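A short write-up of the structure that comes next.
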Amino acid sequence: MPDRHDRVRPTVPDRGLLAVSAAAFAGFLAILVTVGLSRVVDPFDSAVASEVQLARVAGLTGLARVVTDLGSFPAVVTVAAAAIVGLWVQTHQLWWSAILASAVAATASLVTLLKIAVARSRPHVASLLGHPAVDLSFPSGHTTNGSLVYVLATLLLTARLRHAGWRRTLVAAAVVLAVLIGLSRVYLGYHWATDVLAGWLLASGVVAASYFTSRRLGLQDPQYRFVASDRPAQLHGRPSDLLR
Numbered sequence: 533m534p535d536r537h538d539r540v541r542p543t544v545p546d547r548g549l550l551a552v553s554a555a556a557f558a559g560f561l562a563i564l565v566t567v568g569l570s571r572v573v574d575p576f577d578s579a580v581a582s583e584v585q586l587a588r589v590a591g592l593t594g595l596a597r598v599v600t601d602l603g604s605f606p607a608v609v610t611v612a613a614a615a616i617v618g619l620w621v622q623t624h625q626l627w628w629s630a631i632l633a634s635a636v637a638a639t640a641s642l643v644t645l646l647k648i649a650v651a652r653s654r655p656h657v658a659s660l661l662g663h664p665a666v667d668l669s670f671p672s673g674h675t676t677n678g679s680l681v682y683v684l685a686t687l688l689l690t691a692r693l694r695h696a697g698w699r700r701t702l703v704a705a706a707v708v709l710a711v712l713i714g715l716s717r718v719y720l721g722y723h724w725a726t727d728v729l730a731g732w733l734l735a736s737g738v739v740a741a742s743y744f745t746s747r748r749l750g751l752q753d754p755q756y757r758f759v760a761s762d763r764p765a766q767l768h769g770r771p772s773d774l775l776r
């Protein structure tokens, strides 16, 4: 039985994860109610869209198209499937893969239902750089699903990394990619700014809740309890074992 002192103290308290999740969901609900029941956000969205159109340049447009494709349904499903398999191969614990799979499936379904329920029109096609989208606007599916998959998959797949610096770098890169995907949707004219902001908040809430779940389950599994900490796993035995 592992000694109670062997459990490293989490660098991010679990209650902090729950607070982040609750705050993100609250922010998302605030935008949802505002967009669904009133028109007060339209001036803000229109102003942002106008400024973005003035900032368009050829080189930036090409980059935005590449980035936005990373949030497309085929790309997100491919990355999610690879991550789910990778988690199983890496840990041989089904619950790791189940956390990611359930989060992706639930969030994608919720986004689809919200688009139908809110029924918000996309920006005018005259401002669009690309092929017209066939679905509705709120929330941004590319932003929500892309942010969720890239960030949560990175958090779970790097949980076993003993080098904290590398792990932080990879997670930061996933967050930056999530931000860029959302910005590309506004830049290319596919979404209003509040569609993207709502997508970021919804994804953040699900990521924090899912990561909280993985940490709780990790504490109950002595072999993988280091998922509860952002520090390297503690190894028992001789110092030379660290070099193996």
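The opening position of the sequence shown corresponds to residue 533 in the numbering used here, with each subsequent residue numbered one higher. We treat Cβ as the ideally placed atom computed from N, Cα and C, and that holds for glycine. Everything numeric in this text was worked out from a predicted model, so none of it was measured.
heavy atom of the ligand SAM below 7 Å from A556 C-beta
With respect to the ligand SAM, the structure shown offers nothing to examine, as it has no ligands at all.
Quick check on the DSSP output: the alpha helix (DSSP H) that includes W627 runs from which residue to which?
In the sequence shown, residue 627 corresponds to position 95, counting from 1. Per DSSP, W627 is one residue of the alpha helix (DSSP H) stretching across 626-650.
How close, in whole Å, do the beta carbons of T515 and G731 come, if the pair is a contact with beta carbons under 8 Å?
The displayed coordinates of the chain run from 533 to 776. Any statement about residue 515 would go beyond what the structure contains.
Give the straight-line distance between the Cα atoms of A691 and V565, rounded to the nearest whole angstrom.
For the purposes of this step, residue 691 is taken as residue 159 along the sequence shown, with counting starting at 1. For the purposes of this step, residue 565 is taken as residue 33 along the sequence shown, with counting starting at 1. Their Cα atoms are separated by approximately 36 Å.
Apart from the five residues on each side of it in sequence, which residues of its chain come closer than 8 Å, Cβ to Cβ, to L549?
One-based indexing of the sequence shown puts residue 549 at position 17. A distance below 8 Å between beta-carbons, with the five flanking residues on each side excluded, links L549 to the following residues of its chain, in chain order: A740, A741, Y743, F744, R747.
For Y722, name the three-state secondary structure that DSSP assigns.
Translated into positions along the sequence shown, residue 722 becomes position 190. Under the three-state reduction of DSSP, Y722 is assigned to coil, being neither helix nor strand.
Assign L626 to buried or exposed, taking buried as 16 or more other Cβ atoms, counted over all protein chains shown, within 10 Å of its Cβ.
The residue labelled residue 626 in the question sits at position 94 within the sequence shown. Label assigned to L626: exposed.
Is the beta carbon of W724 sitting closer than 8 Å to the one on P655?
If you number the sequence shown from 1, residue 724 lands on position 192. If you number the sequence shown from 1, residue 655 lands on position 123. Yes, they are a contact pair.
On a CA-only basis, which of V718, V621, I631, S653 is nearest G568? Give me that one, please.
Along the sequence shown, one-based indexing puts residue 568 at 36. Among V718, V621, I631, S653, the Cα nearest to that of G568 belongs to S653.
Near G673, what residues of its chain come up, given a Cβ to Cβ distance below 7 Å and the 5 sequence neighbours on each side ignored?
Your numbering for residue 673 matches position 141 in the sequence shown. Within the same chain, G673 has close Cβ partners V643.
Assign S669 to buried or exposed, taking buried as 16 or more other Cβ atoms, counted over all protein chains shown, within 10 Å of its Cβ.
Translated into the one-based positions of the sequence shown, residue 669 becomes position 137. With 16 or more other Cβ atoms within 10 Å, it is buried.
Do you know offhand how far S641's Cα is from K647's?
The residue labelled residue 641 in the question sits at position 109 within the sequence shown. The residue labelled residue 647 in the question sits at position 115 within the sequence shown. Rounded to the nearest whole angstrom, the C-alpha separation of S641 and K647 is 10 Å.
4 or more residues per run - each alpha helix (DSSP H) lying fully within the stretch 667-695
Correct list: 673-689.
Cβ neighbour criterion (16 or more within 10 Å) applied to S578:
Counting from one through the sequence shown, the residue named residue 578 turns up at place 46. The residue is exposed, with fewer than 16 neighbouring Cβ atoms inside 10 Å.
Going straight from the alpha carbon of H695 to that of L702, what length do you get?
By one-based count along the sequence shown, residue 695 stands at place 163. By one-based count along the sequence shown, residue 702 stands at place 170. Distance between the alpha carbons of H695 and L702: 11 Å.
Report, in whole angstroms, the separation of the C-beta atoms of L720 and G662, which I expect to be a contact under 8 Å.
Residue 720 sits at position 188 when you count from the first residue of the sequence shown. Residue 662 sits at position 130 when you count from the first residue of the sequence shown. Indeed, because the Cβ distance is near 6 Å, the residues count as touching under 8 Å.
Starting from the C-beta of R639, find all residues in its chain whose C-beta is less than 8 Å away, skip the five residues before and the five after it, and write them out in chain order.
Counting from 1 along the sequence shown, the entry for residue 639 is found at position 107. Here the sequence assigns Thr to residue 639, which means Arg is not the residue at that position. Excluding sequence neighbours, T639 sits near T676, N677, L680, L734, A735, V738.
Per-residue burial, A685 [other beta carbons within 10 Å of its own, 16 or more giving buried]:
On the sequence shown, position 153 is the one that residue 685 refers to. Buried: at least 16 other Cβ atoms inside 10 Å.
What would DSSP say about L709, mapped onto helix, strand or coil?
For the purposes of this step, residue 709 is taken as residue 177 along the sequence shown, with counting starting at 1. Looking at L709 - three-state DSSP - the assignment turns out to be helix.
Which whole-angstrom value describes the C-beta separation of Q585 and S634, a residue pair presumed to lie in contact below a C-beta threshold of 8 Å?
For the purposes of this step, residue 585 is taken as residue 53 along the sequence shown, with counting starting at 1. For the purposes of this step, residue 634 is taken as residue 102 along the sequence shown, with counting starting at 1. Their Cβ separation, rounded to whole angstroms, is 39 Å, which puts Q585 and S634 out of contact at 8 Å.
Which value, in whole angstroms, describes the spacing of the CA atoms of E583 and A630?
Walking along the sequence shown from the start, residue 583 turns up at place 51. Walking along the sequence shown from the start, residue 630 turns up at place 98. Just so you know, the alpha carbons of E583 and A630 end up roughly 42 Å apart.
Which residue marks the beginning of the alpha helix (DSSP H) containing P606, and which one marks its end?
By one-based count along the sequence shown, residue 606 stands at place 74. Counting along the chain, P606 sits inside the alpha helix (DSSP H) bounded by residues 605-623.
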